[in-house]
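**Q** Numbering that gives the first Met the number 0 puts the sequence shown at residues 0 to 325. All C-beta atoms, glycine included, are put in the ideal place defined by N, C-alpha and C. Please read these numbers as outputs of a predicted model, since none were measured by experiment. Dumping the structure here so I can ask a few things about it.
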Amino acid sequence: MPYPDPVKLLVIGGGIAGASVAYFAAQAGLQVTVIDAAEGQASRVPAALLNPVRGQSGRVDPRALEGLQLTWQLIETLSRQGHAIPHARSGLLRPLPDDRTRQKFESGLPTDLPHHWLTPDTSPVPLAGGWAHVLHLPDAGWLDGGALTDALIKASGAVRRPGRARHWDAQTVTLEHGERLQADAVVWCGGSRGADWAGLEAVHRAGSVLTLDRPASALPLSYGAYLIPAARGGVLGATFEAPSARHHAGGPPLRSLQWLLQKGAALTADFSPTVTGLWTGVRLSGERSGRQPGGWFALSGLSSKGFLLGPLLARRVVASLAAERP
Ligand SMILES: Cc1cc2nc3c(=O)[nH]c(=O)nc-3n(C[C@H](O)[C@H](O)[C@H](O)COP(=O)(O)OP(=O)(O)OC[C@H]3O[C@@H](n4cnc5c(N)ncnc54)[C@H](O)[C@@H]3O)c2cc1C
């Protein structure tokens, strides 16, 4: 329901978390300003999976289905409005190495999550040897992270203030050159770069993707590493750097890149793309969402689920802002 009079909201951070908060807040009638240093933005990953079944554990977050549906719905709405968001709701293949892993995955799959079990022989894309089972998730897919983030901010009509916020509390933000901005509420969406600047205790995990001249697989493939089509060509990625207590922007050593290429070749039978570049970003673990002890709100620590859960949690943060408004 729209607010009775314009309420001012300051959002710190313009990644998928901040962009989603700006979008839902604008929809609720708030006047939004997004302050963004645009440094170390994990949301600029060249291609991201919308994948409800996680990593090598097969865990499914209880909010995953709702998050998946909301993100696809947003992409559909924004695309209809003319925003260009490269994506495909193409389905995702999760090759699994053995019966035990299949059992582990099966035990965590909710009955209402659409899925099929295939064999490597019936896989719609040719797999490399050695896989025992293939989990097909028809409602999963991929998207261009930066394009979705930009579209959300643009559609929100938010005022953009480039630069870094130095201090903030429940209703003010001080920018790096000393200017103070006043609002009715403040939401911090700083991600890994911002948590480090703010001195917050956190776990940061770098991840790298190699950009490829063409997709190495027509459908996204993921187990241990992932191959995803992208707006231009495709990507091969994995998380392999050790977690750290600080944001660290450096790329991986050469031996890690060789390991990554081997992981790509282990996924698909015809892995022969040309590597065109390297992109490294840092994920932040430890979800923080809602009102914080200082009176400001937060949405951060989205880990590897920024696009799966970011919009859903942003909608909830905006709802709680409305509910807690004095
Ligand atoms: C290699 C890699 C692959 C990934 N793959 C996937 C995937 O397949 N699926 C998926 O769902 N997720 C994926 N993710 C995770 C996803 O990218 C993140 O969860 C998400 O982007 C985090 O978004 P965010 O808005 O919290 O932070 P960010 O995108 O990092 O944005 C934070 C922004 O806030 C700004 N900022 C911080 N502090 C301040 C301040 N004080 N003042 C002003 N601005 C500030 C920063 O400069 C930055 O621009 C991947 C991440 C990486 C690194």
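(1) Under 7 Å: does the beta carbon of A37 sit that close to some heavy atom of ligand 1?
(2) Please go through the same chain and pick out, in chain order, the residues whose beta-carbon is closer than 7 Å to the beta-carbon of G107, but skip the five residues on each side of it.
(3) With 16 other CB atoms within 10 Å as the buried threshold, where does L323 fall?
(4) With A131 and R101 assumed to form a contact (beta carbons below 8 Å), what rounded beta-carbon distance in angstroms separates them?
(5) Kindly provide the ranges of any alpha helix (DSSP H) runs that are 4 or more residues long and lie completely inside the region 65-141, ordered along the chain.
(6) Between the alpha carbons of P94 and E286, how many angstroms are there, rounded?
(7) Report yes if the C-beta distance between A24 and V317 is below 8 Å; otherwise report no.
(8) Around the Cβ of G190, are there at least 16 other Cβ atoms within 10 angstroms (buried) or fewer (exposed)?
(9) Looking only at C-alpha atoms, which of P228, A224, R165, T110 sits nearest to A264?
(10) If contacts are defined as beta-carbon pairs under 8 Å, then Q80 and A154 qualify, I think. What distance do you get, rounded to the angstrom?
(11) Let me make sure I understand the geometry here. Which of L277, L199, A215 has the alpha-carbon closest to that of A244?
(12) Taking 8 Å as the threshold (C-beta atoms), are S302 and L283 in contact?
(13) Locate the beta strand (DSSP E) running through K304, then write down its first and last residues.
(14) If you run the structure through DSSP and keep just helix, strand and coil, what is G276?
(15) How big is the Cα-Cα spacing for W116 and F104?
(16) How would you write the range of the alpha helix (DSSP H) that A248 sits in, first residue to last?
(17) When the Cβ atoms of the region 202-220 are set against those of the region 172-185, are three or more pairs found closer than 8 Å?
(18) With DSSP run on the structure shown, which of helix, strand or coil describes T148?
(19) Please report the straight-line C-alpha distance between L235 and S221, rounded to a whole angstrom.
(20) Between L259 and A237, which are expected to be in contact by the criterion C-beta below 8 Å, what is the C-beta distance as a whole number of angstroms?
(21) To the nearest angstrom, report how far apart P219 and Q40 are at their CA atoms.
(22) Helix, strand or coil for A169? Go by DSSP, reduced to three states.
(23) Could you check where the beta strand (DSSP E) with W187 kicks off and where it finishes?
(24) Would you call V133 buried or exposed, if buried means 16 or more other Cβ atoms sit within 10 Å of its Cβ?
(25) I'd like to know whether the C-beta atoms of P125 and T273 end up nearer to each other than 8 Å.
(26) Which residues share a DSSP beta bridge with F296?
(27) Mind checking who Y225 pairs with in its DSSP beta bridge?
(28) Tell me the rounded alpha-carbon separation between G233 and D168.
(29) Nearest-angstrom Cα distance between R213 and P5?
**A** According to the data block:
(1) yes
(2) For G107, where only same-chain residues beyond five positions count, the Cβ hits under 7 Å are G57, R58, V59.
(3) It is worth fixing the name first, because residue 323 is Glu in this sequence and not Leu. It is exposed - the Cβ of E323 has fewer than 16 other Cβ atoms within 10 Å.
(4) Confirmed, about 7 Å.
(5) The region 65-141 contains these whole alpha helix (DSSP H) runs: 98-107.
(6) 28 Å
(7) Cβ atoms of A24 and V317: closer than 8 Å.
(8) buried
(9) A224
(10) About 7 Å; that satisfies the 8 Å criterion.
(11) L199
(12) yes
(13) Careful: K304 lies outside any beta strand (DSSP E) and carries neither H nor E.
(14) Judged by DSSP in its simplified three-state form, G276 adopts strand.
(15) 11 Å
(16) Segment: none, A248 is in no alpha helix (DSSP H) and carries neither H nor E.
(17) no
(18) It is helical.
(19) Rounded to whole angstroms, L235 to S221 spans 10 Å at the Cα level.
(20) 6 Å
(21) 23 Å
(22) coil
(23) 184-187
(24) buried
(25) no
(26) Beta-bridge analysis with DSSP links F296 to V186, R290.
(27) S221, G236
(28) 42 Å
(29) 48 Å
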